[in-house]
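Peer 1: Pasting a structure here, questions to come.
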Amino acid sequence: MSSPDQPGSQNINAHGNATQAITQSGDIVLDSPEEIRRRAKHHRFVRIGIALGLVVAVAVGVVVFQIERDSQTSNDLARSGPELKSDLALSQVSAYIEGGIDGEEYDASVQNAVRRKAPNVYGPHIDITLGNIASGTSLVTKASITFNRLQPLKSCAAVGGELVVSANYQFKIPEGQQPVPPSKPFTLTKTISYEVSANKHDRLMLTVGESKIPDGASPWLGVVDVVLEHDGGRQLKIGPIALVSVGSNSEFYPSGDKWKIPDKPADGCIEENSKLVAEVLKTPNLVVAREVAGLELALRHFKDSPTGQPRENVPSPPAPNPSAGQGGEVDPSGPAVDPGVYTLL
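In my numbering, the protein residues as written are 1 to 345.
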């Protein structure tokens, strides 16, 4: 039997039509079944409301977190921008002799001789077309030219004087540079700043030659490699390329794809030059300047003629024009220099 002081609830009839509840103060409360059901339903609604409130609170928290994260990502992108990449590649390379190089000329036999401007010095040009099919600009920061071979052609005629032409080539061969066999290359390097825009092609022109060209000097023949450093140290290698210079010999010089060779060349001139050109042309994957190809053809024609003289149907070009003050005309068959071509400063 329960103690009369203990609170609780108990049925008051055998059919369960009502429930007797005893409160803490000892009062007796009689609940009908309808009241019990109503109270239980209310408690369920309260629990459901609390649960829905928790769900809504969690959902709102997730949405707020996502918005803040997206906002942070947007801010980061706004500050840094999209990742831009470059992809510099060689599209085309050619080599030829062309004018337009600034220089001076003076009489080497006169002390403190007056120097006259020579605004149209001729010399070897390396014409490079670069492509950058990418989303970012490519920046070339350094250019190097390595001479794997450098050797003067044998002079076919003893001519000369005191006139010297000083040319402002971008890459200057050191004065007094000795012939270079393939085992002893040397490199000329220049720091530059040259941009190739995204999804564009552009041309880069390099000039190379001797800083001083004495009157009567024979042309030189060389084989070079070009390396362009770009975009944080990446390297683009170009070549090998066979080049030849103009020299300053009025009896032996190139003009376009033709060469002037004297009717009676010095002993050994044709044979030694033919041997040197043949060795150079054996270089694998060689890009050949048009004047080098012209020299090989001119020497072969000279050797194949019955009398040992140049064929009549191979006309001599005009006199050499290492500078504007030495006569001769520009060969109209030569490639025109595009005024939009970038040249190093």
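Just so it is clear, CB atoms sit at the ideal spot from N, CA and C, and this is done for glycine as well.
Please report how far the alpha carbon of SER109 lies from the alpha carbon of ALA266, in whole angstroms.
Peer 2: Roughly 27 Å between the two C-alpha positions.
Peer 1: Just list the residues that DSSP pairs LEU221 with in beta bridges.
Peer 2: DSSP, once it has assigned bridges, lists GLN151, VAL244 as partnering LEU221.
Peer 1: Should ILE50 go down as buried or exposed, given a rule of 16 or more other Cβ atoms within 10 Å for buried?
Peer 2: It counts as exposed.
Peer 1: What's the C-alpha gap between VAL140 and LEU150?
Peer 2: Answer to the nearest angstrom: the Cα atoms are 27 Å apart.
Peer 1: Can you grab the Cα-Cα spacing for the pair THR189 / LYS260, in whole Å?
Peer 2: Straight-line Cα distance between these residues: approximately 33 Å.
Peer 1: Comparing C-alpha positions only, which one of ILE101, GLY131, VAL224 sits nearest to SER197?
Peer 2: The shortest C-alpha separation from SER197 is found at GLY131.
Peer 1: Around the Cβ of PRO320, are there at least 16 other Cβ atoms within 10 angstroms (buried) or fewer (exposed)?
Peer 2: Because the pLDDT at PRO320 is just 48, under 50, the model does not fix this residue reliably, and the point stays unresolved.
Peer 1: With DSSP run on the structure shown, which of helix, strand or coil describes LEU286?
Peer 2: Three-state result, LEU286: coil.
Peer 1: Based on the DSSP output, what are the partners of PRO181 in its beta bridges?
Peer 2: DSSP, once it has assigned bridges, lists no residue as partnering PRO181.
Peer 1: In the DSSP assignment, what are the bridge partners of ASP260?
Peer 2: Strictly speaking, residue 260 in this sequence is Lys, with Asp absent from that position. According to DSSP, LYS260 bridges with TYR253.
Peer 1: Return the CA-CA distance between ASN148 and LYS184, expressed in angstroms with no decimal places.
Peer 2: About 7 Å.
Peer 1: Relative to the C-alpha of ASP87, which candidate in GLY232, TYR106, PHE302 has its C-alpha closest?
Peer 2: It is GLY232 whose Cα lies nearest to the Cα of ASP87.
Peer 1: What did DSSP end up calling PRO315 once you bin it into helix, strand or coil?
Peer 2: For PRO315, the predicted structure reports a pLDDT of 46, less than 50, and the residue's modelled location is therefore unreliable. A value from the coordinates is still provided. DSSP places PRO315 in coil when its eight states are reduced to three.
Peer 1: In the structure shown, what three-state DSSP assignment does GLY53 receive?
Peer 2: Of the three classes helix, strand and coil, the one that applies to GLY53 here is helix, per DSSP.
Peer 1: For the candidate residues LYS85, LEU243, ALA167, THR146, whose alpha-carbon lies nearest to that of VAL227?
Peer 2: It is THR146 whose Cα lies nearest to the Cα of VAL227.
Peer 1: Give the range of the beta strand (DSSP E) segment to which ASN120 is assigned.
Peer 2: Looking at the DSSP string, the run of the beta strand (DSSP E) that includes ASN120 is 116-132.
Peer 1: DSSP state of GLN170, grouped into three classes?
Peer 2: Note: GLN170 maps to coil in three-state DSSP.
Peer 1: Return the CA-CA distance between GLN92 and ILE128, expressed in angstroms with no decimal places.
Peer 2: Straight-line Cα distance between these residues: approximately 6 Å.
Peer 1: Between VAL287 and ILE241, is the Cβ-Cβ spacing less than 7 Å?
Peer 2: Yes. Within cutoff.
Peer 1: Quick check on GLY103: does DSSP put it in helix, strand or coil?
Peer 2: Three-state result, GLY103: strand.
Peer 1: Can you give the beta carbon distance from SER144 to LYS172, rounded, assuming they're within the 8 Å contact cut?
Peer 2: Their Cβ separation, rounded to whole angstroms, is 14 Å, which puts SER144 and LYS172 out of contact at 8 Å.
Peer 1: Does DSSP classify GLN235 as helix, strand or coil?
Peer 2: If DSSP states are grouped into helix, strand and coil, GLN235 belongs with the strands.
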